[in-house]
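Numbering (the working numbering), first residue to last: 778 to 1209.
All C-beta atoms, glycine included, are put in the ideal place defined by N, C-alpha and C.
Report on the structure given below.
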């Protein structure tokens, strides 16, 4: 595939992360790259030696356009680490993943055009698995147009494509689709569905202007090919008037009424964990320990304590939201307080009593349990959360898995929001 249109690589780069971030990748009939761009005539890209590609191994930190356009994530707060340090940490973790049994470095000499294809087809060759046959031109154009734009090609587009004799016409068709307004519309809608931007309920009332502000933020981010980690960081740290600031409406989406403010902190973490990490079980864990409840559902979650979940919800414990009802719905002003924490002093609301337990004292300060990073009262809680979450290998796994589910109809882990972190390696299953 050519790189003349960077806009679409926001998506392709996310899919590329599957190489180093999902250790349980099974042999497939064809790779994602094959689905999008493979042609029988496509020559291997071996005319000149290439430097080692670290783009895939460092996915959460790199712009998805590749190493030539790295940018730091610029959000409020002095503590946000630059990309070079964060990339080194992620690369170290990625390279520590166990290799496939009998695997070797994939060669890029075959009749395919992406490293995803190279990885998958190399494994197929090792296991003597025959790949699926190449699609016809008509099948390819219909599939890729639906996948990337949510529409079927017009009759004129089909006729033009079938008559084209250029051996690179599939790659050119993808470039055209990735540079289209229809692509922006489709993936704005996809991200909107992931973020529930159109949700309205007794709990969530962004108002029409708030909903539209979040929609416009998503659309502009897709149009500008904003790196996905920066996109998520801006959502997690969203502040301001919800009628003006799109990211503020992500925070508003975590509102939980009819209870103490800790219920809202809990809900805000649950939506972040579900949407960005594929870990929906925190809705259970913020009520009780996993032990005795989740063994038959999620082995990892069955080992997590409620007090650990409090440490994650505490990242939102300085969020302050002031609501004002207007003629066209509620407007919210979202700010970040300089002090405060997650207090264990509730006996009512949507969850059981919160009280000191397991040696945890009130107020609970945030701790990102996946890295062990413990915050102090002087830290900017949500800025640190944006750092830790977007550097987390699970962030990459979950993102790729959501996209994989879109393209293939089922996730590598399915449902895509139901990762079990104790069952990531199919070669080493836990005891029955």
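Cutoff 6 Å; reference residue i; Cβ partners in own chain excluding five residues on either side
{"i": "residue 1047", "result": "1059 and 1060"}
{"i": "residue 925", "result": "954 and 960"}
{"i": "residue 1027", "result": "1012 and 1015"}
{"i": "residue 1101", "result": "1108"}
{"i": "residue 927", "result": "963"}
{"i": "residue 1117", "result": "1094 and 1095"}
{"i": "residue 939", "result": "914"}
{"i": "residue 1169", "result": "1147"}
{"i": "residue 1190", "result": "1178 and 1196"}
{"i": "residue 1137", "result": "1084"}
{"i": "residue 1124", "result": "1130"}
{"i": "residue 1198", "result": "1077"}
For residue i: DSSP bridge partner residues
{"i": "residue 1113", "result": "1096"}
{"i": "residue 1017", "result": "1111"}
{"i": "residue 1056", "result": "1195"}
{"i": "residue 1144", "result": "1151"}
{"i": "residue 1137", "result": "1134"}
{"i": "residue 1102", "result": "1107"}
{"i": "residue 1123", "result": "1131"}
Beta-carbon proximity check, residue i vs residue j, cutoff 9 Å
{"i": "residue 1161", "j": "residue 1143", "result": "yes"}
{"i": "residue 918", "j": "residue 948", "result": "no"}
{"i": "residue 1095", "j": "residue 1053", "result": "no"}
{"i": "residue 1018", "j": "residue 1108", "result": "yes"}
{"i": "residue 1002", "j": "residue 1167", "result": "no"}
{"i": "residue 1193", "j": "residue 1030", "result": "no"}
{"i": "residue 1025", "j": "residue 1163", "result": "no"}
{"i": "residue 1119", "j": "residue 1141", "result": "yes"}
{"i": "residue 937", "j": "residue 922", "result": "no"}
{"i": "residue 1129", "j": "residue 1183", "result": "no"}
{"i": "residue 920", "j": "residue 910", "result": "no"}
Cβ-based neighbour list, residue i, same chain, cut-off 7 Å, excluding 5 preceding and 5 following
{"i": "residue 1122", "result": "1131 and 1139"}
{"i": "residue 1062", "result": "1078, 1081, 1083 and 1086"}
{"i": "residue 976", "result": "1030"}
{"i": "residue 996", "result": "961 and 965"}
{"i": "residue 969", "result": "975, 992 and 995"}
{"i": "residue 973", "result": "1030"}
Buried versus exposed, by CB contacts within 10 Å (16 or more), residue i
{"i": "residue 998", "result": "buried"}
{"i": "residue 848", "result": "Annotation note: pLDDT 36 at residue 848 (below 50); position unreliable, coordinate value reported separately. With fewer than 16 other Cβ atoms within 10 Å, it is exposed."}
{"i": "residue 906", "result": "exposed"}
{"i": "residue 1114", "result": "exposed"}
{"i": "residue 1203", "result": "exposed"}
{"i": "residue 946", "result": "buried"}
{"i": "residue 1057", "result": "buried"}
{"i": "residue 1111", "result": "buried"}
{"i": "residue 916", "result": "exposed"}
{"i": "residue 1023", "result": "buried"}
{"i": "residue 1153", "result": "exposed"}
{"i": "residue 978", "result": "exposed"}
{"i": "residue 1187", "result": "exposed"}
{"i": "residue 944", "result": "exposed"}
{"i": "residue 1174", "result": "buried"}
{"i": "residue 850", "result": "Confidence at residue 850 is low in this model, with a pLDDT of 40, below 50, so its placement is unreliable and no value can be given for it."}
{"i": "residue 1155", "result": "exposed"}
{"i": "residue 893", "result": "buried"}
{"i": "residue 1049", "result": "buried"}
{"i": "residue 1051", "result": "buried"}
Sequence-distant residues of the same chain with beta carbon closer than 8 Å to residue i, five excluded per side
{"i": "residue 1033", "result": "980, 1040, 1041, 1043, 1044 and 1127"}
{"i": "residue 1200", "result": "1076, 1077, 1206 and 1207"}
{"i": "residue 1150", "result": "1144, 1161 and 1165"}
Within-9 Å CB hit, residue i to chain B
{"i": "residue 976", "result": "The chain labelled as chain B is not found in the depicted structure, where only one protein chain is given."}
Cβ contact (3+ pairs, closer than 8 Å) linking the stretch 1068 to 1075 and the stretch 1084 to 1096: Taking a cut-off of 8 Å on C-beta distances, the stretch 1068 to 1075 does not touch the stretch 1084 to 1096, as fewer than three cross pairs fall below it.
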